[in-house]
Amino acid sequence: MAGRSELVVSFGEMLIDFREFMFYRNPSADMLLTHAELNVELIKRAAVFHYGSISLIAEPCRSAHLRAMEIAKEAGALLSYDPNLREALWPSREEARTKILSIWDQADIVKVSEVELEFLTGIDSVEDDVVMKLWRPTMKLLLVTLGDQGCKYYARDFRGAVPSYKVQQVDTTGAGDAFVGALLRRIVQDPSSLQDQKKLEEAIKFANACGAITATKKGAIPSLPTEVEVLKLMEMLEAWKYCDAVMLLESQVDEDIE
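Going letter by letter, the sequence shown gives residues 2 to 259 in the numbering used here.
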């Protein structure tokens with residue numbers, strides 16, 4: 002990366018039920034990365050190669066991105082794709098859609114938000130027939146995150162939905178990243194979860210809890226939880242569900258007696 006380049010700076014505006022990001026990056030260091038500067042040995046050691054779409058916008062980083070994907074795939078890594086749409090950075094909506102979909106078939110795992118689902122399909126719906134427009138036979142898992150409603154998942158042999166954990170939201174920035182990172186970690190720990198619906202749902206529950214905790218604090222990085230925090234939240238909410246079920250059962254018994 003010859004010469005001097007700027008660091009990318011992002012600004013986030015948080016209002017009630019609204020968030021907006023602005024970026025200063027014309028050009029920034031990430032845009033100037035070349036394939037010759039890739040840490041090939043590091044990529045080859047990865048169990049998962051996770052990427053977004055912003056690096057597809059301009060050269061030379063686009064070619065570096067594509068080469069990194071090739072190296073990771075050849076080394077046997079899972080390719081995980083979160084488009085992370087930022088419309089303001091693209092020259093046009095059409096170019097964004099075209100380039101985001103240009104590498105769609107190469108991913109093993111894809112995660113999109115409901116906003117990205119509408120952007121890519123042109124249909125304002127999260128019904129299965131709409132989601133399946135983004136499914137490819139080469140995929141192992143397709144996920145649609147629905148904010149505080151949880152997420153829907155689609156694997157080769159099964160599909161379903163997992164509800165979220167209800168929390169008091171403060172800042173949702175980073176919640177999606179927390180979700181994806183946690184899910185990928187669980188999949189790396191047990192790759193068979195991609196073929197086992199029960200295991201996959203447990204992994205998604207863990208990821209949902211990570212995302213939920215992240216949304217309760219300000220900031221994308223400081224809000225990321227530890228595994229202990231996540232397991233504590235899951236255990237606490239499961240206990241509440243059990244207590245609610247017992248109370249419901251007892252009330253039904255009392256009604257029967259009366």
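C-beta atoms are modelled at their ideal positions from N, C-alpha and C, and glycine is treated no differently.
message = Measuring only the C-alpha atoms, how far is leucine 150 from glycine 175?
response = Looking at the sequence provided, one finds glutamine at residue 150 rather than leucine. Taking the straight line joining both Cα atoms gives about 17 Å.
* Asked: Within the chosen definition, does the stretch 100-108 reach the stretch 54-65 through at least 3 CB pairs nearer than 8 Å?
  -> yes
DSSP state of glycine 175, grouped into three classes?
coil
If you drop the 5 nearest sequence neighbours on each side, which residues of the same chain put their C-beta closer than 7 Å to that of serine 194? Arg187, Ile188, Lys200, Leu201, Ala204
| With 16 other Cβ atoms within 10 Å as the buried cut-off, status of aspartate 260 | Residue coverage of the chain in this structure runs from 2 to 259, which leaves residue 260 outside it and unanswerable.
Closest Cα partner of phenylalanine 120 within the set Glu95, Val49, Trp105: Glu95
For this session: My understanding is that leucine 79 touches aspartate 109, with C-beta atoms under 8 Å, so please give their C-beta distance in whole angstroms.
Result: Between leucine 79 and aspartate 109 the beta-carbon gap is near 5 Å, inside 8 Å, which marks them as a contact.
Identity of the residues DSSP links to tyrosine 166 by a beta bridge = Tyrosine 166 is bridged by DSSP to nothing; it lacks a bridge partner.
Q) Would the stretch 210-227 and the stretch 160-179 be scored as touching if the rule is three or more Cβ pairs under 8 Å? A) Yes, they touch.
* Backbone CA spacing between methionine 140 and glutamate 128 [nearest angstrom] -> 19 Å
* DSSP state of arginine 160 mapped onto helix, strand, coil -> strand
| query | Below 9 Å between beta carbons: does that hold for valine 231 and alanine 183? | reply | Between valine 231 and alanine 183, the C-beta gap is smaller than 9 Å, which places the two residues in contact.
(Q) Considering only the alpha carbon of each residue, which of Phe50, Glu88, Ala69 lies closest to serine 81? (A) Phe50
(request) Have a look at the DSSP bridge pairing and note the partners of valine 113. (result) Val145
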